[in-house]
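In full-length UniProt numbering, the protein residues as written are 1 to 255.
A virtual CB, placed ideally from N, CA and C, is assigned to each residue, including glycine.
Right, one structure below, let's go through it.
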Ligand SMILES: Cc1cc2nc3c(=O)[nH]c(=O)nc-3n(C[C@H](O)[C@H](O)[C@H](O)COP(=O)(O)OP(=O)(O)OC[C@H]3O[C@@H](n4cnc5c(N)ncnc54)[C@H](O)[C@@H]3O)c2cc1C
């Protein structure tokens with residue numbers, strides 16, 4: 001993908017596209033990074049929403065992908081965390097090709113179902129696989145920003161300890177944010193101090209680390225399609241009402 005060529009408008013046009021600018025990029029893991037974008041006139045967002053990112057090559061070819069909003073970084077700034085998909089068209093460009101100061105077109109915030117609102121008081125269970133933790137982290141951050149005491153539990157499955165996004169911040173949040181618990185699972189290699197052996201998420205993991213169905217928690221599940229379907233089935237088998245299980249599937253593109 002060639003450099004993004006974008007028109008000079010700074011607010012959303014009728015099409016909804018806005019010109020954002022990359023102001024900072026930081027590594028989360030060896031294969032994922034967080035982009036801080038300045039978006040003049042950003043209207044604000046809810047934890048769980050996403051944006052569409054559009055890149056336009058010099059020959060006019062365009063590619064569009066969705067990315068969850070990981071959080072805010074102050075006025076008119078949003079953060080996206082992007083996992084590099086080997087041979088992907090857009091994600092390697094966002095991580096390696098886009099330079100600080102470059103423009104990129106975005107549209108959003110999008111999505112009104114997979115969202116958590118600070119006024120919601122039901123206990124919350126978040127279950128994320130891989131980069132599926134991104135919109136769930138946005139909810140954890142929104143809870144903190146609102147000073148909410150709504151009980152939150154996050155079950156986060158990653159391949160290895162090195163693949164955990166936001167590891168330091170999650171440790172701090174668990175220490176400082178009353179009523180937030182985080183449980184890690186590893187599918188390939190677990191850190192030496194983690195009890196148990198690597199495995200894909202099971203009924204026992206969700207049963208032990210989630211909420212009982214009779215508390216009627218709001219459940220948010222995000223990750224690759226297979227992960228999301230497995231967890232949704234587990235939650236329903238454990239007695240959770242399907243109407244309280246919200247899911248978001250990441251890729252593959254067109255899948
Ligand atoms: C609502 C929504 C929110 C999303 N939020 C995020 C986010 O916060 N962070 C993030 O990193 N991604 C997120 N995604 C996924 C993202 O939109 C892209 O699909 C991803 O970045 C790959 O795009 P690409 O152009 O690099 O790869 P492509 O050129 O589209 O794909 C290259 C190859 O990789 C395969 N592939 C693509 N995506 C995946 C995948 N997820 N798993 C396995 N194989 C894949 C394709 O089938 C293809 O063979 C989200 C998707 C949706 C629908």
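First and last residue of the uninterrupted alpha helix (DSSP H) at residue i
{"i": "residue 170", "result": "167-176"}
{"i": "residue 136", "result": "133-146"}
Delimiting residues of the beta strand (DSSP E) encompassing residue i
{"i": "residue 64", "result": "62-72"}
{"i": "residue 90", "result": "Note, residue 90: premise wrong, no beta strand (DSSP E); not H, not E."}
{"i": "residue 206", "result": "First-last for residue 206: 203-209, but that is the alpha helix (DSSP H), not the beta strand (DSSP E)."}
{"i": "residue 157", "result": "152-160"}
{"i": "residue 181", "result": "180-189"}
{"i": "residue 128", "result": "124-129"}
Counted within 10 angstroms of its Cβ, other Cβ atoms place residue i as buried (16 or more) or exposed
{"i": "residue 149", "result": "exposed"}
{"i": "residue 34", "result": "buried"}
{"i": "residue 162", "result": "exposed"}
{"i": "residue 61", "result": "exposed"}
{"i": "residue 70", "result": "buried"}
{"i": "residue 223", "result": "buried"}
{"i": "residue 28", "result": "buried"}
{"i": "residue 191", "result": "exposed"}
{"i": "residue 47", "result": "buried"}
{"i": "residue 86", "result": "exposed"}
{"i": "residue 75", "result": "exposed"}
{"i": "residue 173", "result": "buried"}
{"i": "residue 42", "result": "buried"}
{"i": "residue 113", "result": "exposed"}
{"i": "residue 194", "result": "exposed"}
{"i": "residue 102", "result": "exposed"}
{"i": "residue 15", "result": "exposed"}
{"i": "residue 200", "result": "exposed"}
Paired residues, beta bridge with residue i - DSSP
{"i": "residue 106", "result": "18, 53"}
{"i": "residue 240", "result": "Its beta-bridge partners do not exist; DSSP assigns none."}
{"i": "residue 276", "result": "As displayed, the chain neither begins before 1 nor continues past 255, which places residue 276 out of reach and without an answer."}
{"i": "residue 36", "result": "24, 79"}
{"i": "residue 250", "result": "224"}
{"i": "residue 47", "result": "116"}
Other residues of its chain near residue i: CB distance less than 7 Å, five sequence neighbours each side excluded
{"i": "residue 232", "result": "221, 245, 247"}
{"i": "residue 11", "result": "For residue 11, the pLDDT reaches just 48, beneath the cut-off of 50, and the residue's location in the model is therefore unreliable, although a value from the coordinates is still provided. The residues are 18, 40, 41."}
Residues near residue i by beta carbon distance below 6 Å, same chain, minus five either side
{"i": "residue 65", "result": "53, 90"}
{"i": "residue 254", "result": "For residue 254, the pLDDT reaches just 44, beneath the cut-off of 50, and the residue's location in the model is therefore unreliable, although a value from the coordinates is still provided. The answer is none, since no qualifying residue turns up."}
{"i": "residue 159", "result": "187, 188"}
{"i": "residue 135", "result": "48, 68, 222"}
{"i": "residue 145", "result": "none"}
{"i": "residue 123", "result": "151, 211, 215, 217"}
Neighbourhood of residue i by C-beta distance below 8 Å, restricted to the same chain and skipping five residues each side
{"i": "residue 241", "result": "213, 216"}
{"i": "residue 304", "result": "Coverage of the chain is limited to positions 1 through 255, which leaves residue 304 absent and any answer about it impossible."}
{"i": "residue 210", "result": "125, 127, 153, 155, 217, 219, 235, 238"}
{"i": "residue 120", "result": "150, 218"}
{"i": "residue 197", "result": "190"}
Report yes or no: do the region 97-110 and the region 170-188 share at least 3 C-beta pairs separated by less than 8 Å?
No: the two stretches stay apart, fewer than three of their Cβ pairs being nearer than 8 Å.
Is the number of C-beta pairs between the region 218-231 and the region 73-81 that are closer than 8 Å three or more?
No, the region 218-231 is not in contact with the region 73-81.
Stretch-stretch touch, CB-based, cutoff 8 Å, three pairs: the region 152-172 with the region 120-140
When C-beta atoms of the region 152-172 are compared with those of the region 120-140, three or more pairs fall below 8 Å, so the two segments count as touching.
Report yes or no: do three or more beta-carbon pairs, one from the region 87-94 and one from the region 42-56, lie closer than 8 Å?
At 8 Å Cβ cutoff, the stretches touch.
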